[in-house]
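Sequential numbering of the sequence shown, starting at 1, is according to full-length UniProt numbering. What follows is one structure encoded as structure tokens, with my remarks underneath.
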Amino acid sequence: MSWFKRVEKGIVTPTEQKKETPDGLWYKCPECKTVASMAEHKRLLYTCAKCNHHDRVDSAEYFEILFDHNQFVELDENLTSGDPLHFVDTKAYPQRLAATQKSSGLKDAVRTAHGQLNGLELVVACMDFKFIGGSMGSVVGEKIARAIDYARQHRIPFLMISKSGGARMMEAGYSLMQMAKTSAKLALLSEAGIPYISMLTDPTTGGVTASFAMLGDFNIAEPGALIGFAGPRVIKETIGKDLPKDFQSSEFVLEHGFLDFIVDRKQLKQRLTDLLTMLRPAEVAVPQPQPTLR
Numbered sequence: 001m002s003w004f005k006r007v008e009k010g011i012v013t014p015t016e017q018k019k020e021t022p023d024g025l026w027y028k029c030p031e032c033k034t035v036a037s038m039a040e041h042k043r044l045l046y047t048c049a050k051c052n053h054h055d056r057v058d059s060a061e062y063f064e065i066l067f068d069h070n071q072f073v074e075l076d077e078n079l080t081s082g083d084p085l086h087f088v089d090t091k092a093y094p095q096r097l098a099a100t101q102k103s104s105g106l107k108d109a110v111r112t113a114h115g116q117l118n119g120l121e122l123v124v125a126c127m128d129f130k131f132i133g134g135s136m137g138s139v140v141g142e143k144i145a146r147a148i149d150y151a152r153q154h155r156i157p158f159l160m161i162s163k164s165g166g167a168r169m170m171e172a173g174y175s176l177m178q179m180a181k182t183s184a185k186l187a188l189l190s191e192a193g194i195p196y197i198s199m200l201t202d203p204t205t206g207g208v209t210a211s212f213a214m215l216g217d218f219n220i221a222e223p224g225a226l227i228g229f230a231g232p233r234v235i236k237e238t239i240g241k242d243l244p245k246d247f248q249s250s251e252f253v254l255e256h257g258f259l260d261f262i263v264d265r266k267q268l269k270q271r272l273t274d275l276l277t278m279l280r281p282a283e284v285a286v287p288q289p290q291p292t293l294r
């Protein structure tokens with residue numbers, strides 16, 4: 001008789017004695033289906049131990065990864081969108097904003113902060129995909145513009161972590177204006193000689209790709225990220241042809257010259273430290289007055 005065959009029938013465990021496995025203890029990789037504990041998954045910075053698939057993470061996780069001891073000062077944290085167009089789809093835009101703010105715990109699709117990365121000052125703007133698909137509305141553009149101003153005024157390098165489906169349709173032209181505004185602010189940052197590093201994560205598409213995401217002094221990306229303007233399905237239907245393998249992946253974009261390098265999340269903090277150290281202006285030695293010989 002097999003060891004797993006029940007001999008006695010009718011065994012019933014009372015509800016109060018049943019032991020359920022709590023949710024959130026295990027992680028299953030969507031690529032290779034490997035199962036690991038959430039503690040191990042978090043230790044590996046939300047990457048798969050077997051295939052190195054990089055899970056999407058939010059600003060809270062990136063700030064914890066980048067800032068020393070997770071210490072930072074958040075900038076413009078209470079900025080929220082209005083409803084200039086009185087937009088209504090399946091629900092009114094203000095209702096959608098309120099519901100998303102409640103479910104996500106965020107005010108909008110980007111958070112900006114100032115802190116230290118391995119002792120180096122850094123201003124970071126990080127997008128959150130769970131807030132209406134990381135869409136770029138007027139608040140997103142304004143917070144990024146203010147973060148760039150802060151970096152320029154204090155002469156601190158600026159890091160932009162993009163993760164977005166593109167412009168926010170509920171704000172129409174107001175959203176599209178953010179492309180020009182953020183690009184103009186980055187031009188001022190460049191004129192001031194302050195480094196701008198743009199990091200593209202999965203996915204970075206639409207008006208975000210067409211503006212600030214591709215304007216970095218260094219454009220970097222995580223492995224396997226979707227990077228493009230229109231999505232691959234739309235492009236395939238438009239041109240009527242099959243697309244190349246791994247089209248619009250960060251590896252494809254790197255091969256075609258639009259990225260400087262791809263960085264594993266586990267190496268991100270050290271790679272950024274090396275890059276920022278290299279970009280720091282050399283201290284100019286001030287000549288000391290020489291004694292006059294008589």
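Idealized CB from N, CA, C, for every residue including glycine.
What span of residues does the alpha helix (DSSP H) with residue i cover, start to end?
i, result
"Ala-113", "Element bounds for Ala-113: not the alpha helix (DSSP H) but the beta strand (DSSP E), 110-117."
"Ile-194", "Here Ile-194 belongs to no alpha helix (DSSP H), and DSSP marks it neither H nor E."
"Leu-120", "No alpha helix (DSSP H) holds Leu-120; the beta strand (DSSP E) holding it covers 120-127."
"Lys-245", "Run containing Lys-245: none; DSSP gives neither H nor E here."
"Phe-218", "Note, Phe-218: premise wrong, no alpha helix (DSSP H); beta strand (DSSP E) at 218-221."
"Ser-211", "Unbroken run through Ser-211: none, as it is neither H nor E."
"Lys-28", "Looking at the DSSP string, Lys-28 is not in any alpha helix (DSSP H); the run it does join, the beta strand (DSSP E), is 26-28."
Is it true that the CB of residue j sits closer than 8 angstroms to the CB of residue i?
i, j, result
"Pro-232", "Ser-250", "no"
"His-114", "Phe-158", "no"
"Phe-229", "Thr-209", "yes"
"Ile-132", "Thr-100", "yes"
"Cys-126", "Tyr-46", "no"
"Phe-218", "Asp-260", "yes"
"residue 323", "Pro-203", "Since the first and last residues shown for the chain are 1 and 294, residue 323 lies out of range."
"Leu-189", "Ile-156", "no"
"Met-214", "Phe-258", "yes"
So, is residue i buried or exposed, given that buried needs 16 or more other C-beta atoms within 10 angstroms?
i, result
"Gly-119", "exposed"
"Gly-206", "buried"
"Gln-248", "buried"
"Lys-143", "buried"
"Glu-171", "buried"
"Cys-32", "exposed"
"Arg-43", "exposed"
Less than 8 angstroms between the CB atoms is what I'm expecting for residue i and residue j, so what's the real figure, rounded?
i, j, result
"His-30", "His-53", "Note on residue identity: the sequence assigns Pro, not His, to residue 30. That pair is a contact at about 7 angstroms."
"Ser-103", "Met-136", "20 angstroms between Cβ atoms; not a contact."
"Leu-254", "Ile-262", "6 angstroms"
Considering residue i, what are the terminal residues of the beta strand (DSSP E) in which it resides?
i, result
"Leu-75", "72-75"
"Ala-147", "That residue, Ala-147, is in no beta strand (DSSP E); its alpha helix (DSSP H) goes 138-154."
"Ala-36", "35-37"
query = If we count Cβ pairs, one from each stretch, closer than 8 angstroms, do we get three or more for the region 236-245 versus the region 195-215?
reply = no
task = Flag this pair as touching only if the region 93-108 and the region 179-195 have three or more C-beta atom pairs under 8 angstroms; answer yes or no.
result = no
message = Below 8 angstroms, how does it come out for the region 185-193 and the region 135-148: are there three or more Cβ pairs, yes or no?
response = yes
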